[in-house]
Amino acid sequence: MESVKSLGEQGGEGCGGGGGLSQFPPREPSEPSESQPGTPLPVPGHSGLSIQEMVAMSPELDTYVITKKVKEVLTDNNLGQRLFGETILGLTQGSVSDLLARPKPWHKLSLKGREPFVRMQLWLQDPRNVEKLMDMKRMEKKAYMKRRHSSVSESQTPPQQHLKKARVVLAPEEKEALKRAYQQKPYPSPKTIEELASQLNLKTSTVINWFHNYRSRIRRELFIEEIQRGEGGEGVSPSTRAGKASEGDSCDGTESDGTVEGTRPGHEHHQASEGEWGSDHRDEGTTLATGSTAAGTSGHHKGGALDSLFSFPESSHVSSVLRKKKAANLNNIIHRLEKAASKDEPHEWEF
DNA sequence: TTGGAGTCAATAAT
DNA sequence: ATTATTGACTCCAA
1 MESVKSLGEQ
11 GGEGCGGGGG
21 LSQFPPREPS
31 EPSESQPGTP
41 LPVPGHSGLS
51 IQEMVAMSPE
61 LDTYVITKKV
71 KEVLTDNNLG
81 QRLFGETILG
91 LTQGSVSDLL
101 ARPKPWHKLS
111 LKGREPFVRM
121 QLWLQDPRNV
131 EKLMDMKRME
141 KKAYMKRRHS
151 SVSESQTPPQ
161 QHLKKARVVL
171 APEEKEALKR
181 AYQQKPYPSP
191 KTIEELASQL
201 NLKTSTVINW
211 FHNYRSRIRR
221 ELFIEEIQRG
231 EGGEGVSPST
241 RAGKASEGDS
251 CDGTESDGTV
261 EGTRPGHEHH
271 QASEGEWGSD
281 HRDEGTTLAT
291 GSTAAGTSGH
301 HKGGALDSLF
311 SFPESSHVSS
321 VLRKKKAANL
331 NNIIHRLEKA
341 ASKDEPHEWE
351 F
């Protein structure tokens, strides 16, 4: 089947040593040990380079292809993303789910953000890794079974009375309202935020967080939209499932397309000016920044080891890559304009 | 401080 | 049982 080329990885199971399942910085709230400022996670493969170093010199990776492959491998082998995430990426299940479902394009990722993708790539490199993970899965199950068998009388969970900050759950109407507010003002002033908070009976911080999250997630949707486009028509992979995006916002869960209706006994002005450029500009950016502020386009030829490590088995289509770059550029430009438009004084660029 | 990027982690949805 | 969603946090930069 696949080809993952190989590299002579020396055998090694050695990593973990004995007993411990996870070799990650236990996220436990009570972990005294706090050190290793340099190399948190032992990079599975190769040279003694830390992932950070690898990330730094890594060539551009196709996050979409990587996640697609990872999902495929995980399902094929009945491996859950929880185990994969905690063991291989050092991330929690929720984060992994998000990452696999909506990977941001490489060039939009920070160094930190690229780390998980480099780990995934590294992991995919060696098919033995799958075996290892399956072993872990078995061990976990065994441990679980053992536990259930021995201590029949479960540990009476001490009624730890409400020491959990109840999770805030915004009602659909509240999300609706916030979303509407966002359309009017993506970056509300503290004054506006206070207003919204009191009108919706929410904590100010909740409103602030909502805006942060919403902006961030909207942004990501855009990236995804741009990435999934430009997908030519490979003839290789049978399953060319391009997820659907640009439809129901996965950003807020609530479905509420552009239908602008004064659902609630409206207040405020509602000037119908939500046309927003948010629609879809299917036209391609044609004459984009000719000069292109492209980042490092250096012909890296560092160590041969890395080369073999990162080169994909499947040849990529240059046209596709170019397309993505163009789209990325356009997006950047748009963002800059956006920012420039709101610089200095929170303009009320209403209509 | 404000805003963005990454995540966590509770809880919803499958 | 898993996976998906999402409000809140932590870090960082300007």
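Sequential numbering from 1 applies to the first sequence in UniProt numbering.
Idealized CB from N, CA, C, for every residue including glycine.
Predicted, not measured: the structure shown is a model, and the values here were computed from it.
Shortest alpha-carbon distance to V169 belongs to which of I224, R180, K104, W210?
In the first sequence, the residue the question calls residue 169 occupies position 169. The candidate whose alpha carbon is nearest that of V169 is W210.
Just checking, does the region 126–140 make contact with the region 79–88 on the three C-beta pairs under 8 Å criterion?
These segments touch.
Straight-line gap, P59 to Y214 (C-alpha atoms, nearest Å)
One-based indexing of the first sequence puts residue 59 at position 59. One-based indexing of the first sequence puts residue 214 at position 214. Taking the straight line joining both Cα atoms gives about 31 Å.
Is the separation between the beta-carbon of G63 and that of K112 shorter than 8 Å?
Position 63 of the first sequence, counted from the first residue, corresponds to residue 63. Position 112 of the first sequence, counted from the first residue, corresponds to residue 112. Here residue 63 is Thr; the residue named in the question, Gly, does not match the sequence. In this structure, K112 does not lie closer than 8 Å to T63 by Cβ.
To the nearest angstrom, how far is the alpha carbon of E173 from that of S97?
In the first sequence, the residue the question calls residue 173 occupies position 173. In the first sequence, the residue the question calls residue 97 occupies position 97. Looking at the two C-alpha atoms, the distance is approximately 27 Å.
State the DSSP-derived secondary structure class of L61, mapped to helix, strand or coil.
Taking the first sequence and counting its residues from 1, one reaches residue 61 at position 61. Three-state DSSP puts L61 in coil, outside helix and strand.
For A177, count neighbouring Cβ atoms within 10 angstroms of its own Cβ and tell me buried if that reaches 16, exposed if not.
The residue given as residue 177 occupies position 177 in the first sequence. A177 comes out buried.
8 Å Cβ cutoff met for W123 and L61
The sequence position of residue 123 within the first sequence is 123, counting from 1. The sequence position of residue 61 within the first sequence is 61, counting from 1. Against a cut-off of 8 Å, the Cβ pair of L61 and W123 comes out as no contact.
Cα-Cα separation between residue 358 and L109, rounded to whole angstroms:
The structure shown does not extend to residue 358, since the chain spans only 1 to 351, so no value can be given for it.
Are there 16 or more other CB atoms within 10 angstroms of the CB of R148, so buried, or fewer, so exposed?
By 1-based counting over the first sequence, the position of residue 148 is 148. When all chains shown are included, R148 counts as exposed.
Mapping the DSSP letters down to three states, classify R102 as helix, strand or coil.
Against the first sequence, residue 102 aligns to sequence position 102. The answer is coil: DSSP assigns R102 none of H, G, I, E or B.
Residues in the same chain with beta-carbon distance under 7 Å from E194, minus the five sequence neighbours each way, listed in chain order, please.
The residue you call residue 194 lines up with position 194 of the first sequence. The answer, listed in chain order, is T204.
What first and last residue would you give for the alpha helix (DSSP H) that runs through L109?
Translated into the one-based positions of the first sequence, residue 109 becomes position 109. That residue, L109, is in no alpha helix (DSSP H); it is neither H nor E in DSSP.
Considering only residues of the same chain and omitting the five flanking positions on each side of V118, which have a CB-CB separation below 8 Å?
One-based indexing of the first sequence puts residue 118 at position 118. Closer than 8 Å at Cβ, skipping near neighbours: I51, M54, V55, S58, L61.
For A171, count the other beta carbons within 10 Å of its own beta carbon; 16 or more makes it buried, fewer makes it exposed. Which is it?
Here residue 171 refers to the residue found at position 171 when the first sequence is read from its first residue. A171 should be labelled exposed.
Can you have a look at E131 and say buried or exposed, based on whether 16 or more other CB atoms are within 10 angstroms of its CB?
Along the first sequence, read from residue 1 onward, the residue named residue 131 stands at position 131. Result: exposed.
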